[in-house]
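Worksheet: the structure to be examined is printed underneath.
Residue numbers (our numbering), protein chains in the order written: chain C, 1 to 365; chain B, 366 to 730.
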């Protein structure tokens, strides 16, 4: 089976992302090919393990690698330190006991990758992990960059670690079972990548809407590989998010605040990011950084994909307050990524409270 | 105030260990001297914070750095993921909210350093930390190497991360309030460093027993700086414990198993390591790696320091079983560090169950 390989260059932490059809059957041999592997600890949520757990375990059995499946309840609300604690407990009670040559295999969407990656980062002070994302959002976002972690009541992803995977294996066949809303969530990140780096990708997405809706494997492979390459270039240049990696937060400052304010689960991550991008472009418009056609191009693409560009009843006070908690802020200064032309963004730390309030207010008008 | 500075060379994670008298008063300026510091989060256990918390907070106030003190209940039994979770929760609820320029300051013994370092490793996916050890064990052991983490019912330090501090500040005045048993615990690690690297240190310890008992500042500074330098050389050569850093586990394979078997709290870490070193040397003797005078030299030094060289009622079956859980094992092969002459050790992976059982049995005879 042919796969498109996208390298992620991170010095001695470099790895490859493989994108193809029916790749889950190859995970066993990929894990066994890593140096000195003693066993696999497969971590998956209950939904995904029911769909693809056996297929993955079969591939590990085929290469005679001891494997244990640990599951946790699905959903962002379970992306907590308690879930990580329960999985660490499960891993540490495996008999015979695991060792540092054990490899965690994450099978699932973004929540699963974040949780399982954090388990791998902290188990025996760090073991290797292989990521098998099963949602478009995880394919194009969580698959690159090594961010792992969990949420806290005061905000998303506030507890975690940077821990790069040894390998990422994306099987586009898993997208067949993806809910429409989750497909849209991934597409929101694809649009983000286009806006911050490559306007051509925006064209490709708009032209491929029908094929994407059918989850056509060839189109999904091209879409995912393109997005992984964009994210890999950004992360390679700035692994620890001291400079341009922050560009990936486009739409996320307001987006995260909307998620926090509404409560996890009341809005999907992708919808929140779509609204966040619209708000960011309203700010860009107000500051004269982009023109109206560019702002409208984002809005029309989001609409074409079924993503929201407005929402009733947003609480501007609460959203502003939640934005103060964003961990990307430094010394209390709000940092926002704003579009300066389709395919280009810059970081601004002089965005004012009235500007933010005006942009967020427009989302409900 | 003059301090002895020992560099720990770890590339872009290098830092310095300062050893001196009355250095707690200088912590504030040391933290403020780090680049871009927004605030301090002081983490200490209840015992140590009552003794030295105000002094440390005063030094932070002097440099006008915002500081918050978070405490947790003292003792190894509280070195758990739950404690880390509670401290993360406390840190994330500080107002105004912390940011990535916040610095954790760990004030306390080994448990505090391990817990606070792990909090720093996982807070906002990693913030800097400054370590202020207050026990001899933490001074000579935990101060170098960046190992952080917590215990699990199946074994010690099974959950954690490597996270180097930005600076370590050792104030020997804090040893004035140290319990005798805790002093002995630190001395066990000093003896270990001597056995694995430098027989001269064994002489210095034996000759300085009285001054050490009085916690004479000048002698303690020399003792600590010497030990830190030994450990720094080992860790610099092998940060991630793939080769010679394992030498530091001398006495710990059996020692950890004894601690696990008796239950945390029933025996001090130092006492367990002393017994572990005696058992390791029994094994060396049985394999002909060292002669009887060398083995006796270790035993007599430990006795001189009030450390145990035998213990009644050890359960050999349970100790052997606990040794199987040691995270340093690879693919189920027991790895042991054995002395091959005072000042020298090697790693062996061919130690048999009968050899271990015989050596452990001798501890109760």
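Note that the Cβ used here is the ideal one computed from N, Cα and C, for glycine as well.
message = If contacts are defined as beta-carbon pairs under 8 Å, then residue 599 of chain B and residue 616 of chain B qualify, I think. What distance do you get, rounded to the angstrom?
response = Mapped onto the second chain, residue 599 of chain B falls at position 234. Mapped onto the second chain, residue 616 of chain B falls at position 251. That pair is no contact at about 15 Å.
ask   = Closer than 9 Å, CB to CB, is residue 89 of chain C near chain B or not?
value = Here residue 89 of chain C is taken as the residue at index 89 of the first chain, counted from 1. Taking Cβ atoms only, chain B reaches closer than 9 Å to residue 89 of chain C, which makes this a yes.
ask   = residue 361 of chain C to residue 606 of chain B, Cα distance in whole Å?
value = Counting from one through the first chain, the residue named residue 361 of chain C turns up at place 361. Counting from one through the second chain, the residue named residue 606 of chain B turns up at place 241. Rounded to whole angstroms, residue 361 of chain C to residue 606 of chain B spans 54 Å at the Cα level.
ask   = For residue 258 of chain C versus residue 276 of chain C, is the C-beta distance shorter than 9 Å?
value = Counting from 1 along the first chain, the entry for residue 258 of chain C is found at position 258. Counting from 1 along the first chain, the entry for residue 276 of chain C is found at position 276. Contact annotation: residue 258 of chain C and residue 276 of chain C have beta-carbon atoms nearer than 9 Å.
message = Using only the alpha-carbon positions, how far apart do residue 314 of chain C and residue 473 of chain B sit?
response = Within the first chain, the letter at position 314 stands for residue 314 of chain C. Within the second chain, the letter at position 108 stands for residue 473 of chain B. Going from the Cα of residue 314 of chain C to the Cα of residue 473 of chain B covers about 46 Å.
message = With the cut-off set at 9 Å, would you say residue 119 of chain C and residue 158 of chain C are in Cβ contact?
response = Here residue 119 of chain C refers to the residue found at position 119 when the first chain is read from its first residue. Here residue 158 of chain C refers to the residue found at position 158 when the first chain is read from its first residue. Contact flag unset, no.
request  = State whether the segment 549-559 of chain B contacts the segment 406-418 of chain B, with contact taken as three or more CB pairs (one from each stretch) at a distance under 8 Å.
outcome  = The segment 549-559 of chain B makes no contact with the segment 406-418 of chain B: fewer than 3 CB pairs, one atom from each, lie closer than 8 Å.
key: Cβ shell of residue 255 of chain C (< 6 Å), same chain only, five flanking positions each side left out   = If you number the first chain from 1, residue 255 of chain C lands on position 255. Result list for residue 255 of chain C: 272, 273, 276, in chain order.
Residues that residue 164 of chain C contacts on chain B, provided the C-beta gap is smaller than 9 Å = In the first chain, counting from the first residue as 1, residue 164 of chain C sits at position 164. Correct list: empty, because the minimum Cβ distance to chain B is about 13 Å.
task = With 7 Å as the C-beta to C-beta threshold (strictly closer), list the residues of the segment 489-504 of chain B near chain C in chain order.
result = 489, 490, 491
query = Going by the beta-carbon positions, is the gap between residue 630 of chain B and residue 440 of chain B smaller than 9 Å?
reply = Within the second chain, numbered from 1, the residue matching residue 630 of chain B stands at position 265. Within the second chain, numbered from 1, the residue matching residue 440 of chain B stands at position 75. Taking 9 Å as the Cβ cut-off, residue 630 of chain B and residue 440 of chain B qualify as a contacting pair.
query = In chain C, which residues lie with their C-beta within 8 Å of the C-beta of residue 458 of chain B?
reply = Taking the first residue of the second chain as 1, we reach residue 458 of chain B at position 93. Ordered by position in chain C, the residues that pass the 8 Å Cβ test against residue 458 of chain B are 154.
ask   = Whose C-beta lies closer than 7 Å to the C-beta of residue 135 of chain C among residues of the same chain, with five residues either side of it excluded?
value = Within the first chain, the letter at position 135 stands for residue 135 of chain C. For residue 135 of chain C, where only same-chain residues beyond five positions count, the Cβ hits under 7 Å are 109, 110, 178, 182, 186.
message = According to DSSP, residue 131 of chain C sits in a beta bridge with which residue or residues?
response = The residue given as residue 131 of chain C occupies position 131 in the first chain. Paired residues: C:106, C:168.
request  = Return the Cβ separation of residue 518 of chain B and residue 482 of chain B in integer angstroms, given the expectation that the two are a contact with Cβ distance under 8 Å.
outcome  = The sequence position of residue 518 of chain B within the second chain is 153, counting from 1. The sequence position of residue 482 of chain B within the second chain is 117, counting from 1. With a Cβ gap of about 21 Å, residue 518 of chain B and residue 482 of chain B do not count as contacting.
ask   = Does DSSP classify residue 312 of chain C as helix, strand or coil?
value = In the first chain, counting from the first residue as 1, residue 312 of chain C sits at position 312. DSSP places residue 312 of chain C outside both helix and strand once states are collapsed to three, so it counts as coil.
key: residue 395 of chain B beta carbon less than 9 Å from that of residue 573 of chain B   = Counting from 1 along the second chain, the entry for residue 573 of chain B is found at position 208. Counting from 1 along the second chain, the entry for residue 395 of chain B is found at position 30. No.
key: When B:385, B:422, B:651 are compared against residue 367 of chain B, the one with the closest alpha-carbon   = Taking the first residue of the second chain as position 1, residue 367 of chain B is located at position 2. Ranking B:385, B:422, B:651 by Cα distance to residue 367 of chain B puts B:385 first.
message = Below 8 Å, how does it come out for the segment 214-221 of chain C and the segment 288-306 of chain C: are there three or more Cβ pairs, yes or no?
response = Judged by Cβ distances under 8 Å, the segment 214-221 of chain C makes no contact with the segment 288-306 of chain C, as fewer than three pairs qualify.
query = If residue 510 of chain B sits next to residue 444 of chain B, beta carbons under 8 Å apart, how far is it from one beta carbon to the other, in whole angstroms?
reply = As a first step, residue 510 of chain B is located in the second chain; it is residue number 145 there, counting from the start. As a first step, residue 444 of chain B is located in the second chain; it is residue number 79 there, counting from the start. Contact doesn't hold; Cβ gap of about 17 Å is too wide.
task = Please compile the residues from chain C whose C-beta is within a distance smaller than 9 Å of the C-beta of residue 712 of chain B.
result = As a first step, residue 712 of chain B is located in the second chain; it is residue number 347 there, counting from the start. Neighbours of residue 712 of chain B on chain C: none; closest Cβ ~15 Å, over 9 Å.
Residue 515 of chain B to residue 613 of chain B span [Cα, whole Å] = As a first step, residue 515 of chain B is located in the second chain; it is residue number 150 there, counting from the start. As a first step, residue 613 of chain B is located in the second chain; it is residue number 248 there, counting from the start. Straight-line Cα distance between these residues: approximately 19 Å.
task = Closer than 6 Å by C-beta to residue 68 of chain C: which residues in its own chain qualify, once you throw out the five before and the five after it? Chain order, please.
result = Your numbering for residue 68 of chain C matches position 68 in the first chain. Cβ within range, chain order: 41, 94.
query = Beta-carbon separation of residue 103 of chain C and residue 130 of chain C under 9 Å?
reply = Position 103 of the first chain, counted from the first residue, corresponds to residue 103 of chain C. Position 130 of the first chain, counted from the first residue, corresponds to residue 130 of chain C. In contact: residue 103 of chain C and residue 130 of chain C (Cβ atoms closer than 9 Å).
inquiry  = For a quick check, are the C-beta atoms of residue 706 of chain B and residue 125 of chain C less than 9 Å apart?
reply    = As a first step, residue 706 of chain B is located in the second chain; it is residue number 341 there, counting from the start. As a first step, residue 125 of chain C is located in the first chain; it is residue number 125 there, counting from the start. Not in contact: residue 706 of chain B and residue 125 of chain C (Cβ atoms no closer than 9 Å).
key: Whole-angstrom C-beta distance between residue 477 of chain B and residue 471 of chain B, which should lie under 8 Å   = One-based indexing of the second chain puts residue 471 of chain B at position 106. One-based indexing of the second chain puts residue 477 of chain B at position 112. Between residue 477 of chain B and residue 471 of chain B the Cβ distance is about 6 Å, and since that is below 8 Å, they are a contact.
ask   = Is the shortest distance between the beta-carbon of residue 666 of chain B and the beta-carbons of chain C less than 9 Å?
value = By 1-based counting over the second chain, the position of residue 666 of chain B is 301. Taking Cβ atoms only, chain C never reaches closer than 9 Å to residue 666 of chain B, which makes this a no.
task = Might you give, ordered along the chain, the residues of its own chain that have their beta carbon closer than 6 Å to the beta carbon of residue 681 of chain B, omitting 5 neighbours on each side?
result = The residue labelled residue 681 of chain B in the question sits at position 316 within the second chain. Answer for residue 681 of chain B: 722, 725, 726, listed in chain order.
ask   = The alpha helix (DSSP H) spanning residue 626 of chain B covers which residue range?
value = As a working note, residue 626 of chain B is residue 261 in the second chain. Looking at the DSSP string, the run of the alpha helix (DSSP H) that includes residue 626 of chain B is 617-627.
task = Taking residue 147 of chain C as the query, report the chain B residues whose CB atoms sit under 9 Å from its CB, ordered along the chain.
result = The residue you call residue 147 of chain C lines up with position 147 of the first chain. Result: 490.
request  = Measure the C-alpha to C-alpha separation of residue 133 of chain C and residue 169 of chain C and round it to an integer number of angstroms.
outcome  = Along the first chain, one-based indexing puts residue 133 of chain C at 133. Along the first chain, one-based indexing puts residue 169 of chain C at 169. Straight-line Cα distance between these residues: approximately 7 Å.
ask   = Cα separation between residue 304 of chain C and residue 17 of chain C?
value = Here residue 304 of chain C refers to the residue found at position 304 of the first chain. Here residue 17 of chain C refers to the residue found at position 17 of the first chain. Cα-Cα distance, rounded: 29 Å.
request  = Report, in whole angstroms, the separation of the C-beta atoms of residue 246 of chain C and residue 337 of chain C, which I expect to be a contact under 8 Å.
outcome  = Within the first chain, residue 246 of chain C is the residue found at index 246, counting from 1. Within the first chain, residue 337 of chain C is the residue found at index 337, counting from 1. Contact flag correct, Cβ pair sits at about 6 Å.
task = Pull up the CB-CB distance for residue 635 of chain B and residue 502 of chain B, whole angstroms please, since I reckon it's below 8 Å.
result = As a first step, residue 635 of chain B is located in the second chain; it is residue number 270 there, counting from the start. As a first step, residue 502 of chain B is located in the second chain; it is residue number 137 there, counting from the start. Contact holds; Cβ gap of about 6 Å.
query = If you measure from the beta carbon of residue 623 of chain B to each beta carbon in chain C, is any gap under 9 Å?
reply = Sequence index remark: in the second chain, residue 623 of chain B carries index 258 (1-based). Chain C, which has no Cβ nearer than 9 Å to the Cβ of residue 623 of chain B, makes this no.
inquiry  = Let me see if you follow: with CB-CB separation under 9 Å, is residue 450 of chain B close to chain C or not?
reply    = The residue you call residue 450 of chain B lines up with position 85 of the second chain. Interface residue, yes.
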